[in-house]
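Trainee: Residue numbers (my numbering): 402 to 557.
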């Protein structure tokens, strides 16, 4: 089973691809999509959509999972994150693939055992749980891999 995890963000979106071949979980690939704050939001959203379409085409996931939005203190940030998620959900919807969402605390609890874990703790556990070379993996990528792992756990 191949699962694509997406950590949505307007400035630095993380994605991570894993493969489950019982009993092992393999790291396949990951990356970040960065957009400039100087670029108009509609152009940034198009860039994110195009990049995720390419990831889906290249890695052929069977399932896609994304972190669910939580409401920030900053309403404008929450709204912009909602734009990102909506644009990505549209792309995912066109694929016809199964799609799941997980709250940040559920992801952290699943991978670390604590719902309020730090990003470094998530990255550390991702490296322990998955086979493969993850030396170059960033915090945004490890968050996306944790999302994919959480999806796997709840699919078994």
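Yeah, the Cβ is synthetic: ideal placement off N, Cα and C, and Gly gets one too.
Using a 10 Å radius around the Cβ and a threshold of 16 neighbouring Cβ atoms, would you call residue 550 buried or exposed?
Mentor: By one-based count along the chain shown, residue 550 stands at place 149. Buried: at least 16 other Cβ atoms inside 10 Å.
Trainee: Measure the C-alpha to C-alpha separation of residue 497 and residue 490 and round it to an integer number of angstroms.
Mentor: Against the chain shown, residue 497 aligns to sequence position 96. Against the chain shown, residue 490 aligns to sequence position 89. Those two C-alpha atoms are separated by around 11 Å.
Trainee: Thinking just about the alpha-carbon of each residue, which of 488, 500, 437 and 442 is nearest to the one in residue 463?
Mentor: Within the chain shown, the letter at position 62 stands for residue 463. That would be 500, whose Cα lies nearest to the Cα of residue 463.
Trainee: Which of the three DSSP states is assigned to residue 417 in this structure?
Mentor: What you label residue 417 is simply residue 16 of the chain shown in a count that begins at 1. Reduced to three states, the DSSP call for residue 417 is strand.
Trainee: Are the segment 521-528 and the segment 481-490 in contact at 8 Å, needing three or more beta carbon pairs?
Mentor: no
Trainee: Per DSSP, what are the beta-bridge partners of residue 534 in this structure?
Mentor: As a first step, residue 534 is located in the chain shown; it is residue number 133 there, counting from the start. Under the DSSP definition of a beta bridge, residue 534 lacks any partner.
Trainee: Determine the DSSP secondary structure at residue 528, reduced to helix, strand or coil.
Mentor: Walking along the chain shown from the start, residue 528 turns up at place 127. Residue 528: helix per DSSP, three-state reduction.
Trainee: As an exercise, report each continuous beta strand (DSSP E) stretch of at least 3 residues that is fully enclosed by the segment 486-512, in chain order.
Mentor: 500-503
Trainee: Roughly how many whole angstroms lie between the Cα atoms of residue 430 and residue 503?
Mentor: In the chain shown, residue 430 corresponds to position 29, counting from 1. In the chain shown, residue 503 corresponds to position 102, counting from 1. Cα-Cα distance, rounded: 21 Å.
Trainee: So what's residue 483 in DSSP terms, helix, strand or just coil?
Mentor: Locating residue 483 in the chain shown gives position 82, counting from the first residue. Of the three classes helix, strand and coil, the one that applies to residue 483 here is helix, per DSSP.
Trainee: For residue 534 versus residue 408, is the C-beta spacing smaller than 8 Å?
Mentor: One-based indexing of the chain shown puts residue 534 at position 133. One-based indexing of the chain shown puts residue 408 at position 7. No, the Cβ-Cβ distance between residue 534 and residue 408 is not below 8 Å.
Trainee: Going straight from the alpha carbon of residue 473 to that of residue 517, what length do you get?
Mentor: Indexing the chain shown from 1 puts residue 473 at position 72. Indexing the chain shown from 1 puts residue 517 at position 116. Rounded to the nearest angstrom, the two C-alpha atoms are 16 Å apart.
Trainee: For the beta strand (DSSP E) that contains residue 434, what are its first and last residues?
Mentor: Numbered from its first residue, the chain shown carries residue 434 at position 33. Element bounds for residue 434: 425-435.
Trainee: With a threshold of 8 Å between beta carbons, is residue 458 in contact with chain B?
Mentor: In the displayed structure, chain B is absent; only one protein chain is listed.
Trainee: Tell me whether residue 468 sits in a helix, a strand or coil according to DSSP, three-state version.
Mentor: Position 67 of the chain shown holds residue 468. In the three-state reduction of the DSSP assignment, residue 468 falls in the strand class.
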